[in-house]
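Numbering (my numbering), first residue to last: 36 to 431. Here a beta-carbon is modelled for each residue, glycine too, at the ideal position from N, C-alpha and C. Since we're looking at a predicted model, the values are computed, not measured. Take a look at the structure set out below.
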Amino acid sequence: MHFSLATITALLTFVAAAPAQKGFVHAPIKKHNLTEVQSKIPNFASSGPITAELYNEVNAYQVEFSLGGQQISASIDTGSEILWVWNSDSDACQVDQQDCQQEGTYTPSQSSTGEDTGVPFNINYGKGHASGYLYKDTAVIGGATAPSFKFGVDTGDISSGGFSMVFGIGVNSDAESSISAQLQKSGAISRNLYGMSFSEAKYAGTNVDNSEITFGAINTGRFEGSLKTIPRVQTSGLQHFSVQASAKMGDRELFEDDIVILDSGTTMTYFKSEYYPTFLDGLQDAGVSLQNYPGGWQGYPCSQNGDIHFTYSFSGKEIEVSGHDLAIPANMISANVDSSVCYMGVGDGGDMNLFGDTFLRAIYSVYDLERDEVSIAQAAHGKPDNYLVITGDVPN
Numbered sequence: 036m037h038f039s040l041a042t043i044t045a046l047l048t049f050v051a052a053a054p055a056q057k058g059f060v061h062a063p064i065k066k067h068n069l070t071e072v073q074s075k076i077p078n079f080a081s082s083g084p085i086t087a088e089l090y091n092e093v094n095a096y097q098v099e100f101s102l103g104g105q106q107i108s109a110s111i112d113t114g115s116e117i118l119w120v121w122n123s124d125s126d127a128c129q130v131d132q133q134d135c136q137q138e139g140t141y142t143p144s145q146s147s148t149g150e151d152t153g154v155p156f157n158i159n160y161g162k163g164h165a166s167g168y169l170y171k172d173t174a175v176i177g178g179a180t181a182p183s184f185k186f187g188v189d190t191g192d193i194s195s196g197g198f199s200m201v202f203g204i205g206v207n208s209d210a211e212s213s214i215s216a217q218l219q220k221s222g223a224i225s226r227n228l229y230g231m232s233f234s235e236a237k238y239a240g241t242n243v244d245n246s247e248i249t250f251g252a253i254n255t256g257r258f259e260g261s262l263k264t265i266p267r268v269q270t271s272g273l274q275h276f277s278v279q280a281s282a283k284m285g286d287r288e289l290f291e292d293d294i295v296i297l298d299s300g301t302t303m304t305y306f307k308s309e310y311y312p313t314f315l316d317g318l319q320d321a322g323v324s325l326q327n328y329p330g331g332w333q334g335y336p337c338s339q340n341g342d343i344h345f346t347y348s349f350s351g352k353e354i355e356v357s358g359h360d361l362a363i364p365a366n367m368i369s370a371n372v373d374s375s376v377c378y379m380g381v382g383d384g385g386d387m388n389l390f391g392d393t394f395l396r397a398i399y400s401v402y403d404l405e406r407d408e409v410s411i412a413q414a415a416h417g418k419p420d421n422y423l424v425i426t427g428d429v430p431n
């Protein structure tokens, strides 16, 4: 589920999907800014490719789509099962009409293709919830159409978990509410999978952010070497993209063969409490000293990003992560903090290892919902895009 919900302050300008190109369709995203970022941990809830660019909001990547012809932008989340959106008549939109106008909403009466299933939905978070009724309507993303796509419409207030709507693309047993499954059913893609690429940290949130999600295909221009396919680990309770991994920080072993959750709906990287002190020791080894800043943030000089190094191993596939990946520019969160300060994008995760955007930007990842697998490789930047339609195995 999605947990990091924040106030959006910049105006979103919707743009029409680009004309279809050979082999894939592409939809651009416009810029957002945020005034704050909240931790996700306390809220953890009990034929051709389709490409949509993502926009990093510091705490969320936004994707643009339409439901019944109504334009909407929502936070794309590999840790959530379904899409839910605000009803234009919701209590939240009556309180904050500007945000609803910026992000878009769904008005059932304005769609000639919508259907109220009469089935309620309720997503409980550690703080708040999202609730309402499930609808079916025509969804369009990246220029591709998915008829009879099922999603939640929330009529509640902002206390129901925050403002930001959530586009869940995670593990989902209900094909009707899985956008990739519906794109496959419509014939738009051959395989129920998608690849995700995030821009370099220094470009996140700028007009040159080229983050993207590609349904039914991978972009070989976004990774170095080859992909490594690993099975998703089944866990008790809610299902996530959980995989087995080991981690080192410099010469220190953080953990070995433990489960980590890959979650695009989380801003930061979180280590289990038992591993977090070793992470702090690793920072000391690198000569990095964290200072406390308003809002509970811990900062350090951005000039030290090159001194921070992690090596992760996924079934023998090594991934390098540096301080440049982990850093969050402090002035993107706190206007009165000098631009030379970076906030540390790593936190104490309690009883879980939750790997969000500050890890995911270091990798190219493919989520295969048909075969219950994840493929990863070291991210590449500056190479030309090369889209490869997947009809069988993900190439390794």
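Asked: Go to Pro182, then tell me how far its beta strand (DSSP E) extends in each direction, as first and last residue.; Found: 179-189
Asked: Ignoring anything shorter than 3 residues or poking outside the region 255-288, list the beta strand (DSSP E) runs there in chain order.; Found: 258-266, 277-284
Asked: Consult DSSP for Lys352 and reduce its assignment to one of helix, strand or coil.; Found: strand
Asked: On the three-state DSSP scale, how would you describe Asn122?; Found: strand
Asked: Whole angstroms is fine: what's the gap from Ser438's alpha carbon to Met303's?; Found: One cannot answer for residue 438 here, as it falls past the ends of the chain, which runs 36 to 431.
Asked: For Gly153, which of helix, strand or coil comes out of DSSP?; Found: strand
Asked: Have a look at Phe349, Gly149, Tyr402, Glu99 and flag the residue whose alpha-carbon is nearest the alpha-carbon of Gly139.; Found: Glu99
Asked: Three-state secondary structure (DSSP) at Ile425?; Found: coil
Asked: May I ask you to verify whether the region 126-135 touches the region 200-220, counting CB pairs closer than 8 angstroms and requiring at least 3?; Found: no
Asked: Evaluate contact between the region 307-316 and the region 328-335, counting only Cβ atoms and requiring at least three cross-stretch pairs below 8 angstroms.; Found: no
Asked: Where Val3 and Ser101 are concerned, what is the direct C-alpha to C-alpha distance, given to the nearest angstrom?; Found: Residue 3 lies beyond the residue range present for the chain, which begins at 36 and ends at 431; the question has no answer from this structure.
Asked: First and last residue of the alpha helix (DSSP H) that includes Asp320?; Found: 311-320
Asked: In three-state terms, what does DSSP make of His359?; Found: helix
Asked: Pop quiz: Leu395 and Phe233 are said to be a contact at Cβ under 8 angstroms. What is the actual Cβ separation, rounded to whole angstroms?; Found: 6 angstroms
Asked: What are the boundary residues of the beta strand (DSSP E) that Thr304 is part of?; Found: 304-306
Asked: Suppose the cutoff is 7 angstroms on Cβ atoms and the five residues either side in sequence are ignored; what does the same chain contact list for Gly358 look like?; Found: Gln339, Asn340, Gly341, Asp342, Ile343
Asked: On a CA-only basis, which of Ile363, Gly382, Asp124, Gly380 is nearest Asp373? Give me that one, please.; Found: Ile363
Asked: In whole angstroms, what separates the C-alpha of Tyr15 from that of Ser147?; Found: One cannot answer for residue 15 here, as it falls past the ends of the chain, which runs 36 to 431.
Asked: So, helix, strand or coil for Asn366, using DSSP?; Found: helix
Asked: Name, in chain order, the residues that DSSP records as bridge partners for Met379.; Found: Ala362
Asked: Where do the N-terminal and C-terminal ends of the alpha helix (DSSP H) with Ile117 fall, by residue?; Found: Premise fails: Ile117 is in no alpha helix (DSSP H) and is neither H nor E.
Asked: Which value, in whole angstroms, describes the spacing of the CA atoms of Lys57 and Ala397?; Found: With a pLDDT of 36 at Lys57, under the threshold of 50, the predicted position of this residue should be treated as unreliable, and no value is reported.
Asked: Please name the residue, chosen from Lys171, Gly104, Gln145, Ser144, that lies closest to Trp119 on a Cα-to-Cα basis.; Found: Lys171
Asked: Kindly list the residues whose CB is nearer than 7 angstroms to the CB of Pro419, restricted to its own chain and excluding five residues on each side of it in sequence; keep chain order.; Found: Gly256
Asked: Terminal residues of the continuous beta strand (DSSP E) containing Asp112?; Found: 105-112
Asked: Looking at the structure shown, is Pro77 part of a helix, part of a strand, or coil, going by DSSP?; Found: Reliability of the predicted coordinates at Pro77 is poor, the pLDDT of 34 falling under 50, and the value obtained from them is presented with this limitation in mind. If DSSP states are grouped into helix, strand and coil, Pro77 belongs with the helices.
Asked: Spatial neighbours of Asp428 within its chain, please: C-beta separation below 7 angstroms, excluding the five flanking residues on both sides.; Found: none
Asked: What separation, rounded to the nearest whole angstrom, lies between the Cα atoms of Gly384 and Phe390?; Found: 10 angstroms
Asked: Grab me the residues of Ala414's own chain with a C-beta within less than 8 angstroms of its C-beta, minus the 5 sequence neighbours each way, in chain order.; Found: Ser232, Phe233, Arg257, Phe258, Glu259, Arg396, Ala397, Ile398, Tyr399
Asked: Thinking just about the alpha-carbon of each residue, which of Phe156, Asn431, Arg287, Gly177 is nearest to the one in Ile224?; Found: Gly177
Asked: Tell me the rounded alpha-carbon separation between Asn159 and Thr190.; Found: 15 angstroms
Asked: With Ser215 as the anchor, note down where its alpha helix (DSSP H) starts and where it stops.; Found: 214-220
Asked: Using DSSP with H/G/I as helix, E/B as strand and the rest coil, what is Lys418?; Found: coil
Asked: In this structure, how does DSSP classify Val409 when only helix, strand and coil are distinguished?; Found: strand
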